[in-house]
Amino acid sequence: MPAWTNWSGSVQCAPTAIIEPQSESELIDAIRHSASTIRVRGTGHSFVPLCAADGLLIALDQYQGVVSIDASAMTATVRAGSKIHQLGAPLLDAGLAMANMGDIDRQSLAGAIATGTHGTGRTLGSISTQVAALRLITASGDVVECSPAMEPNIFKAAQVSLGALGVISQVTLRLLPAYRLHEQTWAEPFDDCVARMDERIAQNRHFEFFWVPQHDVCAIKTLNVTELSSLSQPADEPAVEGRLARYIGEERIDWSYRIFPSERNLKFNETEFALPAQQGPSCLTELRTLMQTRYPDVAWPIEYRTLAADDIWLSPAYGRDTVTLSVHQAAELAHRPFFDDVEAIFRNYGGRPHWGKMHTQGAAELSALYPQWEAFQQVRRQLDPHGRFLNDYLRQLFGVV
Numbered sequence: 024m025p026a027w028t029n030w031s032g033s034v035q036c037a038p039t040a041i042i043e044p045q046s047e048s049e050l051i052d053a054i055r056h057s058a059s060t061i062r063v064r065g066t067g068h069s070f071v072p073l074c075a076a077d078g079l080l081i082a083l084d085q086y087q088g089v090v091s092i093d094a095s096a097m098t099a100t101v102r103a104g105s106k107i108h109q110l111g112a113p114l115l116d117a118g119l120a121m122a123n124m125g126d127i128d129r130q131s132l133a134g135a136i137a138t139g140t141h142g143t144g145r146t147l148g149s150i151s152t153q154v155a156a157l158r159l160i161t162a163s164g165d166v167v168e169c170s171p172a173m174e175p176n177i178f179k180a181a182q183v184s185l186g187a188l189g190v191i192s193q194v195t196l197r198l199l200p201a202y203r204l205h206e207q208t209w210a211e212p213f214d215d216c217v218a219r220m221d222e223r224i225a226q227n228r229h230f231e232f233f234w235v236p237q238h239d240v241c242a243i244k245t246l247n248v249t250e251l252s253s254l255s256q257p258a259d260e261p262a263v264e265g266r267l268a269r270y271i272g273e274e275r276i277d278w279s280y281r282i283f284p285s286e287r288n289l290k291f292n293e294t295e296f297a298l299p300a301q302q303g304p305s306c307l308t309e310l311r312t313l314m315q316t317r318y319p320d321v322a323w324p325i326e327y328r329t330l331a332a333d334d335i336w337l338s339p340a341y342g343r344d345t346v347t348l349s350v351h352q353a354a355e356l357a358h359r360p361f362f363d364d365v366e367a368i369f370r371n372y373g374g375r376p377h378w379g380k381m382h383t384q385g386a387a388e389l390s391a392l393y394p395q396w397e398a399f400q401q402v403r404r405q406l407d408p409h410g411r412f413l414n415d416y417l418r419q420l421f422g423v424v
């Protein structure tokens with residue numbers, strides 16, 4: 024049987040078949056004629072077994088590209104297998120850009136939507152909030168088109184769905200006029216960073232930082248829209264050493280899609296939780312104490328980002344302005360019990376786990392965190408009454424027996 028492994032090596036599976044449809048008709052035909060369970064993989068950047076399949080595994084690598092762009096409406100419809108990094112240039116050619124992106128752009132668009140992938144910015148939502156409409160293939164092979172005006176309940180469920188409703192075929196994105204960003208990075212002592220955090224979150228379109236335990240210093244990054252096309256006089260940057268040098272770069276200006284992503288050459292595993300925004304500083308301080316006292320050998324940083332509240336049923340930012348804290352460990356090193364102790368802290372602050380990153384929560388805990396949990400499950404049962412899009416991991420997550 025063919026084998027598949029995710030990016031970090033934390034997930035392996037042996038599906039009975041892996042197929043790569045090149046058209047929507049091929050995708051529909053595969054779903055209709057499969058007698059097994061079905062999962063869809065993207066680029067494998069999830070650290071949990073969302074894509075693990077013992078039946079049919081669908082890869083959309085051959086189903087990519089822009090279908091259409093409406094410059095006047097500022098929307099673009101793209102095939103679900105398209106990688107985020109492939110969209111920037113054709114959108115720029117049309118004078119358009121995504122409102123926000125994460126700091127990795129290798130994911131497939133459908134996978135990023137399914138897991139609620141996000142960037143940073145207190146007034147900006149996840150990539151799922153940029154979705155204007157979706158085209159979904161259900162377990163019966165039927166095509167469902169959904170948007171806020173058409174099948175609105177299906178749309179709210181499908182904006183972050185974990186791939187449990189069916190296979191997304193096409194995504195229509197709501198866009199902005201193309202814009203340039205000015206990136207600045209610098210290092211600052213932990214206490215100084217925390218003291219000025221609220222001020223900087225308010226003053227910058229994008230604000231984030233990494234607390235780097237090796238130095239007990241924060242590597243801060245801000246991004247802001249600019250009318251300039253280049254820097255007239257690049258600033259002299261002080262030299263930085265050790266792990267901190269990975270997060271401090273030269274000041275720069277470029278089109279947004281070139282500024283957002285960062286290189287991720289080293290493989291790691293990750294856990295991330297979304298907290299009420301006001302709880303972020305206290306939680307971060309507690310995590311710092313944990314790492315300094317119990318896990319002083321962990322060299323990987325904590326990433327701190329912001330996210331606007333939204334109304335997407337399974338979004339970690341549902342109903343509340345949010346901060347996200349991400350904790351990492353090298354892929355070749357054991358991440359437990361470290362991640363377990365980190366998760367215990369997150370739970371005490373009402374944290375909701377990132378759907379694509381490591382956590383141990385199941386249906387009992389998750390249903391208490393998401394007011395629209397049962398509404399999502401009703402849509403899931405409506406579209407997939409026999410659970411054809413569920414694997415063992417999702418059955419445990421949803422409490423399906």
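Numbering of the sequence shown is given in the numbering used here, commencing with residue 24 and proceeding in unit increments. Note that the Cβ used here is the ideal one computed from N, Cα and C, for glycine as well.
Check your understanding: In chain order, what residues of the same chain lie with their CB nearer than 8 Å to the CB of Q45, ignoring the 5 residues before and after it?
Key -> By 1-based counting over the sequence shown, the position of residue 45 is 22. Excluding sequence neighbours, Q45 sits near Q85, Y86.
Practice item. Inspect the beta-carbon positions of G104 and Y280 and report whether they are closer than 7 Å. Key: Taking the first residue of the sequence shown as position 1, residue 104 is located at position 81. Taking the first residue of the sequence shown as position 1, residue 280 is located at position 257. It is not a contact, given that the beta carbons lie outside the stated cut-off.
Point to revise | Reference N292, options R228, V350, P408, A26, closest by Cα | key: The residue you call residue 292 lines up with position 269 of the sequence shown. By alpha-carbon distance to N292, the top candidate from R228, V350, P408, A26 is V350.
**Study point:** Which of helix, strand or coil DSSP assigns to L389
**Key:** As a first step, residue 389 must be located in the sequence shown, where it is residue number 366. Annotated three-state conformation of L389 is helix, per DSSP.
Exercise for review: Keeping to the same chain, check which residues put their C-beta closer than 8 Å to that of R324; ignore five residues upstream and five downstream.
Suggested key: Position 301 of the sequence shown, counted from the first residue, corresponds to residue 324. The residue you asked about is not Arg; residue 324 is Pro in the sequence shown. Cβ within range, chain order: F233, W234, V235, P236, A242, R266, Y270, H351.
Review point. So which of F362, L204, C216, N176 has the shortest CA-CA distance to I335?
Key: Taking the sequence shown and counting its residues from 1, the one referred to as residue 335 is at position 312. Selected option, being the one with the closest Cα: N176.
**Study point:** Exposed unless 16 or more other CB atoms sit within 10 angstroms - verdict on P394
**Key:** In the sequence shown, counting from the first residue as 1, residue 394 sits at position 371. With fewer than 16 Cβ atoms within 10 Å of its Cβ, P394 is classed as exposed.
Practice item. Please look up how many angstroms separate the CB atoms of F361 and M381, rounded, as I've assumed it's under 8 Å. Key: For the purposes of this step, residue 361 is taken as the residue at position 338 of the sequence shown. For the purposes of this step, residue 381 is taken as the residue at position 358 of the sequence shown. About 11 Å; that fails the 8 Å criterion.
Practice item. Thinking A133 and V194 are a contact (beta carbons under 8 Å), I'd like their distance in whole angstroms, please. Key: Position 110 of the sequence shown holds residue 133. Position 171 of the sequence shown holds residue 194. Contact flag correct, Cβ pair sits at about 7 Å.
Practice item. Could you pull out every unbroken beta strand (DSSP E) segment of at least 3 residues lying fully inside the region 179-222, listed in chain order? Key: 190-197, 203-212
Exercise for review: Could you have a look at V423 and say whether DSSP puts it in helix, strand or coil?
Suggested key: Position 400 of the sequence shown, counting from 1, holds the residue named residue 423. Coil.
Check your understanding: Is it buried or exposed for R64, if we count other Cβ within 10 angstroms and need 16 for buried?
Key -> Taking the sequence shown and counting its residues from 1, one reaches residue 64 at position 41. By the Cβ-count criterion, R64 is buried, with 16 or more other Cβ atoms from all chains shown falling within 10 Å of its own Cβ.
Check your understanding: Just curious, the alpha helix (DSSP H) that I136 is in, first and last residue?
Key -> Here residue 136 corresponds to residue number 113 of the sequence shown, with the count starting at 1. Where I136 is concerned, the enclosing alpha helix (DSSP H) stretches over 132-138.
**Study point:** Separation of T208 from V240, as counted between CA atoms
**Key:** One-based indexing of the sequence shown puts residue 240 at position 217. One-based indexing of the sequence shown puts residue 208 at position 185. Rounded to whole angstroms, V240 and T208 show a C-alpha spacing of 13 Å.
Point to revise | DSSP-derived helix/strand/coil call for R359 | key: As a working mapping, residue 359 is identified with position 336 in the sequence shown. The answer is coil: DSSP assigns R359 none of H, G, I, E or B.
Check your understanding: Is K244 buried or exposed, if buried means 16 or more other CB atoms sit within 10 Å of its CB?
Key -> Locating residue 244 in the sequence shown gives position 221, counting from the first residue. Buried is the call here.
Check your understanding: Given that a residue counts as buried once 16 or more other Cβ atoms are within 10 Å of its Cβ, and exposed if not, what is Q55?
Key -> For this step, residue 55 is matched to residue 32 along the sequence shown. The amino acid at residue 55 is misidentified as Gln; the sequence shows Arg. It is exposed - the Cβ of R55 has fewer than 16 other Cβ atoms within 10 Å.
Practice item. Would you mind listing the beta strand (DSSP E) stretches within the region 276-339 that are 3+ residues and don't spill past its ends, in chain order? Key: Runs of the beta strand (DSSP E) spanning 3 or more residues and lying entirely within the region 276-339 occur at 291-299, 325-330, in chain order.
Check your understanding: DSSP puts Y341 in a beta bridge; with which residues?
Key -> Start at 1 with the first residue of the sequence shown, and residue 341 comes out as number 318. Paired residues: D333.
Point to revise | As assigned by DSSP and simplified to three states, the class of D407 | key: Here residue 407 corresponds to residue number 384 of the sequence shown, with the count starting at 1. DSSP, read as helix, strand or coil, puts D407 in coil.
Exercise for review: Ignore the nearest five residues each way along the sequence and tell me which others in L307's own chain have a CB closer than 8 Å to its CB.
Suggested key: Counted from its first residue, the sequence shown places residue 307 at position 284. Closer than 8 Å at Cβ, skipping near neighbours: V217, W234, I325, Y327, L348.
Exercise for review: Pick out whichever of A156, L119, H238 has its Cα sitting closest to the Cα of A201.
Suggested key: Stepping through the sequence shown from its first residue, residue 201 is reached at position 178. Per the Cα distances, L119.
Review point. Alpha carbon to alpha carbon, what distance is there between N414 and D77?
Key: What you label residue 77 is simply residue 54 of the sequence shown in a count that begins at 1. What you label residue 414 is simply residue 391 of the sequence shown in a count that begins at 1. Computed Cα separation, rounded: 8 Å.
Exercise for review: Can you check DSSP and say which residues form a bridge with I160?
Suggested key: Here residue 160 is taken as the residue at index 137 of the sequence shown, counted from 1. Note: I160 is bridge-paired with V166, V190 in the DSSP secondary-structure output.
Check your understanding: Distance, Cα to Cα, R287 vs W278?
Key -> Taking the first residue of the sequence shown as 1, we reach residue 287 at position 264. Taking the first residue of the sequence shown as 1, we reach residue 278 at position 255. Cα to Cα, R287 sits roughly 20 Å from W278.
Review point. Using the C-alpha atoms, what's the distance from I160 back to T146?
Key: Here the question's residue 146 lines up with position 123 in the sequence shown. Here the question's residue 160 lines up with position 137 in the sequence shown. Each residue's Cα considered, the two are about 32 Å apart.
Review point. Of the residues S33, A210, T100, which one's Cα is nearest the Cα of A268?
Key: In the sequence shown, counting from the first residue as 1, residue 268 sits at position 245. The shortest C-alpha separation from A268 is found at A210.
Practice item. Look at the alpha carbon of P376 and the alpha carbon of Y341, and state the distance between them as a whole number of angstroms. Key: Here residue 376 corresponds to residue number 353 of the sequence shown, with the count starting at 1. Here residue 341 corresponds to residue number 318 of the sequence shown, with the count starting at 1. P376 and Y341: Cα-Cα distance of roughly 12 Å.
Review point. If you run the structure through DSSP and keep just helix, strand and coil, what is R62?
Key: Reading the sequence shown from its first residue, position 39 is the one you call residue 62. It is a strand residue.
Point to revise | Nearest neighbour of F421, chosen from T143, H409, L389 [CA to CA] | key: Stepping through the sequence shown from its first residue, residue 421 is reached at position 398. Looking at the Cα atoms, L389 is the closest of the given residues.
Review point. Based on the DSSP output, what are the partners of Q237 in its beta bridges?
Key: Position 214 of the sequence shown, counted from the start, is the residue given in the question as residue 237. Looking at the DSSP assignment, Q237 forms no beta bridge with any residue, so it has no partner.
Point to revise | Pairwise C-alpha distance: T383 and L157 | key: Within the sequence shown, the letter at position 134 stands for residue 157. Within the sequence shown, the letter at position 360 stands for residue 383. Whole-angstrom Cα-Cα distance: 30 Å.
Review point. If you check the beta carbons only, do L298 and G385 fall under 7 Å apart?
Key: For this step, residue 298 is matched to residue 275 along the sequence shown. For this step, residue 385 is matched to residue 362 along the sequence shown. No, the Cβ-Cβ distance between L298 and G385 is not below 7 Å.
Review point. What are the boundary residues of the beta strand (DSSP E) that includes S91?
Key: Numbered from 1 along the sequence shown, position 68 holds the residue referred to as residue 91. Looking at the DSSP string, the run of the beta strand (DSSP E) that includes S91 is 89-93.
**Study point:** Nearest-angstrom Cα separation, counted from Y372 out to A300
**Key:** By 1-based counting over the sequence shown, the position of residue 300 is 277. By 1-based counting over the sequence shown, the position of residue 372 is 349. Spanning the two alpha carbons is a distance of roughly 10 Å.
Practice item. Along the alpha helix (DSSP H) that carries I81, what are the first and last residues, could you check? Key: If you number the sequence shown from 1, residue 81 lands on position 58. Looking at the DSSP string, I81 is not in any alpha helix (DSSP H); the run it does join, the beta strand (DSSP E), is 79-82.
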